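Just so we're aligned, residue 0 is where the sequence shown starts under numbering that gives the first Met the number 0, counting upward by one. The structure appears right after this line, and notes come after that.
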Amino acid sequence: MVVALGISGGIAAYKACEIIRGLDKAGVEVQTILSRGGARFITPLTLQTLSRNTVLSDRTGPGDGGAVRHIDLTRRIDVFAVAPATANFLAKFARGIADDFLSTFYISVTAPVVVAPAMNSRMWDHPATRENLAILKARGTRSLEPESGWLAEQEQGVGRLADPERIVQAILEEAEISSLLANLHVVVTAGPTREPLDPVRFRSNRSSGRMGFSLASAAARRGARVTLITGPVGLHTPRGVRRIDVESSAEMRKAVLESRADADAVIMAAAVSDYIPPRSEGKIKKGAAEIDLRLSRGPDILMELGQSRGSEILIGFAAETENLLDNARDKLARKNLDFIVANDISVPGIGMEAGENEVTILDREGNTHPVPRAPKEQIAGRILDHVFRGRSR
Ligand code: C5P
Numbered sequence: 000m001v002v003a004l005g006i007s008g009g010i011a012a013y014k015a016c017e018i019i020r021g022l023d024k025a026g027v028e029v030q031t032i033l034s035r036g037g038a039r040f041i042t043p044l045t046l047q048t049l050s051r052n053t054v055l056s057d058r059t060g061p062g063d064g065g066a067v068r069h070i071d072l073t074r075r076i077d078v079f080a081v082a083p084a085t086a087n088f089l090a091k092f093a094r095g096i097a098d099d100f101l102s103t104f105y106i107s108v109t110a111p112v113v114v115a116p117a118m119n120s121r122m123w124d125h126p127a128t129r130e131n132l133a134i135l136k137a138r139g140t141r142s143l144e145p146e147s148g149w150l151a152e153q154e155q156g157v158g159r160l161a162d163p164e165r166i167v168q169a170i171l172e173e174a175e176i177s178s179l180l181a182n183l184h185v186v187v188t189a190g191p192t193r194e195p196l197d198p199v200r201f202r203s204n205r206s207s208g209r210m211g212f213s214l215a216s217a218a219a220r221r222g223a224r225v226t227l228i229t230g231p232v233g234l235h236t237p238r239g240v241r242r243i244d245v246e247s248s249a250e251m252r253k254a255v256l257e258s259r260a261d262a263d264a265v266i267m268a269a270a271v272s273d274y275i276p277p278r279s280e281g282k283i284k285k286g287a288a289e290i291d292l293r294l295s296r297g298p299d300i301l302m303e304l305g306q307s308r309g310s311e312i313l314i315g316f317a318a319e320t321e322n323l324l325d326n327a328r329d330k331l332a333r334k335n336l337d338f339i340v341a342n343d344i345s346v347p348g349i350g351m352e353a354g355e356n357e358v359t360i361l362d363r364e365g366n367t368h369p370v371p372r373a374p375k376e377q378i379a380g381r382i383l384d385h386v387f388r389g390r391s392r
């Protein structure tokens with residue numbers, strides 16, 4: 000295992016020595032990257048000696064392969080950790096500023112990122128720092144929050160670097176998580192579908208797409224190859240995910256059937272329209288006081304997958320307003336699924352178009368597994384960890 004360890008400029012930089020030793024003891028190859036500020040607190044020679052490796056920094060010139068080497072290294076590493084991470088580096092990472100070696104390295108990395116901020120408590124409490132950290136977390140970065148204690152400025156407060164042992168543990172965990180689903184192809188659907196009435200109007204369902212996007216992101220973070228098939232939503236494509244945009248349920252069906260050929264799992268989190276209006280070629284004129292719309296049943300994509308199953312795991316969602324578990328159980332059997340994720344959409348603040356969810360996972364054997372209320376990103380991780388328990392390759 001290879002870990003790139005960034006060290007930025009703060010008094011806690013000396014604690015990087017303990018992190019390197021901890022990683023070294025665990026058999027990890029450590030490649031340190033020292034920022035200019037970091038180099039004012041700790042010498043490259045110390046890091047080189049402890050890591051038994053060269054130290055990368057702004058001074059790594061083209062002669063040492065500097066420019067190419069950072070890209071080369073991004074391909075080799077399992078985790079990129081920055082400890083201590085100063086307010087300045089959190090800001091650079093959040094905004095993608097790449098004006099030195101460490102920040103340029105961040106923007107080139109696809110491996111999981113762990114940051115351990117350390118700074119004075121006033122800097123830690125500043126809205127700018129909070130916002131930057133929120134951006135990084137939303138991107139999947141793991142943050143080890145600083146601890147409270149006696150700071151270098153001779154005052155009490157939150158800002159002290161997290162315990163180096165905890166940092167080592169978090170780095171090792173991230174590396175392990177990142178290969179849980181290696182070699183698996185996971186297909187995820189997300190968002191609503193739009194069924195056109197005419198060239199300007201459509202029928203649709205409530206769905207932000209956030210649950211499906213979180214699942215895609217969590218699967219990619221666990222090392223899976225991910226295909227995300229999504230209806231129209233306003234979300235950024237998670238890193239490392241192949242995205243296919245569709246509009247109607249017919250388009251979604253086609254994309255799912257094409258992608259399932261070599262899929263190990265299909266997770267249908269999309270809110271697919273069940274009833275489809277007739278489509279008028281020209282715009283329907285406003286004139287009549289009433290118009291009749293006769294809706295017809297559209298494709299039930301998941302049912303179709305269940306009827307023609309291969310060896311892939313099939314996971315559906317059941318959004319219900321009443322008899323949640325009974326209806327979900329019925330759906331699981333009728334659609335011939337392996338798992339169904341039931342969520343009660345009558346509870347305010349969770350489910351459709353909300354940031355949080357609370358679900359129960361049901362399986363074919365009749366087991367129920369409750370997942371308590373949490374942000375959808377966390378729920379996604381729990382669903383994957385439950386579904387793929389003991390199944391990774
Ligand atoms: O039957 P119901 O719509 O409640 O089933 C929900 C599950 O089936 C979800 O996983 C949803 O993505 C999937 N579904 C589908 N095609 C439809 C309707 C729902 O694949 N037309």
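For each residue, glycine too, the CB sits at the ideal point set by N, CA and C. All of these numbers come straight from a predicted model, not from anything done at the bench.
Exercise. Less than 8 Å between the CB of M302 and some heavy atom of the ligand C5P, yes or no?
Worked result: In the sequence shown, counting from the first residue as 1, residue 302 sits at position 303. Yes, the Cβ of M302 comes within 8 Å of a heavy atom of the ligand C5P.
For this session: Would you kindly work out how many angstroms separate the C-alpha atoms of L4 and V187, rounded to a whole number?
Result: To locate residue 4, count along the sequence shown from 1; it is residue 5. To locate residue 187, count along the sequence shown from 1; it is residue 188. Distance between the alpha carbons of L4 and V187 is about 33 Å.
Problem set entry | Bridge-paired residues (DSSP) for H368 | On the sequence shown, position 369 is the one that residue 368 refers to. Paired residues: I360.
Problem set entry | Option in V27, N52 and A82 with minimal Cα separation from I6 | Here the question's residue 6 lines up with position 7 in the sequence shown. Looking at the Cα atoms, A82 is the closest of the given residues.
For this session: Just the C-alpha distance for T128 and C16, rounded to the nearest angstrom, thanks.
Result: One-based indexing of the sequence shown puts residue 128 at position 129. One-based indexing of the sequence shown puts residue 16 at position 17. Their backbone Cα atoms lie some 25 Å apart in a straight line.
For this session: Compare the C-beta of V240 against all C-beta atoms of chain C and say whether one is closer than 9 Å.
Result: Considering every chain present, this structure includes no chain C. It has just one protein chain.
Problem set entry | Element boundaries [beta strand (DSSP E), containing Q306] | The residue you call residue 306 lines up with position 307 of the sequence shown. First-last for Q306: I300 to Q306, but that is the alpha helix (DSSP H), not the beta strand (DSSP E).
Exercise. Quick one, which of P116, K24, K14 and V2 has its alpha-carbon nearest L72's?
Worked result: As a first step, residue 72 must be located in the sequence shown, where it is residue number 73. With distances taken between Cα atoms, L72 lies closest to V2.
Exercise. What is the DSSP secondary structure of P145, reduced to helix, strand or coil?
Worked result: Start at 1 with the first residue of the sequence shown, and residue 145 comes out as number 146. The answer is coil: DSSP assigns P145 none of H, G, I, E or B.
Problem set entry | Rounded separation between A218 and K284 - CA only | Position 219 of the sequence shown, counted from the first residue, corresponds to residue 218. Position 285 of the sequence shown, counted from the first residue, corresponds to residue 284. Distance between the alpha carbons of A218 and K284 is about 46 Å.
Exercise. Would you call the CB atoms of A189 and A268 closer than 9 Å?
Worked result: Within the sequence shown, residue 189 is the residue found at index 190, counting from 1. Within the sequence shown, residue 268 is the residue found at index 269, counting from 1. Closer than 9 Å, so yes.
Exercise. Should P371 go down as buried or exposed, given a rule of 16 or more other Cβ atoms within 10 Å for buried?
Worked result: Position 372 of the sequence shown holds residue 371. The residue is exposed, with fewer than 16 neighbouring Cβ atoms inside 10 Å.
For this session: For R193, collect the residues of the same chain with a Cβ closer than 7 Å to its Cβ; drop the 5 residues on either side in sequence, then sort them by chain order.
Result: Indexing the sequence shown from 1 puts residue 193 at position 194. So the list reads F201, S203, G230, P231, E246 and S247, once near-sequence residues are dropped.
Exercise. For R224, which of N182, R242 and R159 has the nearest alpha-carbon?
Worked result: If you number the sequence shown from 1, residue 224 lands on position 225. With distances taken between Cα atoms, R224 lies closest to N182.
For this session: Taking only runs that begin and end inside the stretch 180 to 266, name each unbroken alpha helix (DSSP H) of 4 or more residues, in chain order.
Result: 209 to 220 and 248 to 258
For this session: For A25, verify whether its CB is less than 8 Å away from any heavy atom of the ligand C5P.
Result: Walking along the sequence shown from the start, residue 25 turns up at place 26. Not so, every heavy atom of the ligand C5P lies at least 8 Å from the Cβ.
Exercise. Considering only C-alpha positions, which residue in the set A317, I344, F212 and A151 is nearest to K334?
Worked result: Here residue 334 refers to the residue found at position 335 of the sequence shown. Nearest C-alpha to K334: A317.
Problem set entry | Where E173 falls: helix, strand or coil (DSSP) | The sequence position of residue 173 within the sequence shown is 174, counting from 1. Correct three-state label for E173: helix.
Problem set entry | Range covered by the alpha helix (DSSP H) that runs through R129 | Numbered from 1 along the sequence shown, position 130 holds the residue referred to as residue 129. Element bounds for R129: P126 to A137.
Exercise. Is it true that the CB of P163 sits closer than 9 Å to the CB of K375?
Worked result: For the purposes of this step, residue 375 is identified with residue 376 of the sequence shown, where counting begins at 1. For the purposes of this step, residue 163 is identified with residue 164 of the sequence shown, where counting begins at 1. It is not a contact, given that the beta carbons lie outside the stated cut-off.
Exercise. Which residues in the same chain as V112 place their Cβ atom closer than 6 Å to its Cβ, once the five residues preceding and following it in sequence are excluded?
Worked result: Position 113 of the sequence shown, counting from 1, holds the residue named residue 112. Within the same chain, V112 has close Cβ partners F79 and T140.
Exercise. Are the stretch 298 to 316 and the stretch 335 to 348 touching by the rule of at least three beta carbon pairs closer than 8 Å?
Worked result: yes
Exercise. What residue range is occupied by the uninterrupted beta strand (DSSP E) comprising E28?
Worked result: As a first step, residue 28 is located in the sequence shown; it is residue number 29 there, counting from the start. Unbroken beta strand (DSSP E) run through E28: E28 to L33.
For this session: Quick one: give me the first and last residue of the alpha helix (DSSP H) that D384 is part of.
Result: Against the sequence shown, residue 384 aligns to sequence position 385. D384 -> alpha helix (DSSP H) spans K375 to V386.
Exercise. For G297, is the beta carbon positioned less than 8 Å from some heavy atom of the ligand C5P?
Worked result: As a first step, residue 297 is located in the sequence shown; it is residue number 298 there, counting from the start. G297: yes, Cβ under 8 Å from the ligand C5P.
Exercise. Less than 8 Å between the CB of V271 and some heavy atom of the ligand C5P, yes or no?
Worked result: As a first step, residue 271 is located in the sequence shown; it is residue number 272 there, counting from the start. Within the cutoff, so yes.
Exercise. Around the Cβ of E311, are there at least 16 other Cβ atoms within 10 angstroms (buried) or fewer (exposed)?
Worked result: Residue numbering aside, residue 311 sits at position 312 when the sequence shown is read from its first letter. That one is buried.
Problem set entry | Extent of the continuous beta strand (DSSP E) to which I314 belongs | Reading the sequence shown from its first residue, position 315 is the one you call residue 314. Segment I312 to E319, the beta strand (DSSP E) holding I314.
Exercise. With DSSP run on the structure shown, which of helix, strand or coil describes R296?
Worked result: Numbered from its first residue, the sequence shown carries residue 296 at position 297. Here R296 sits in strand by DSSP.
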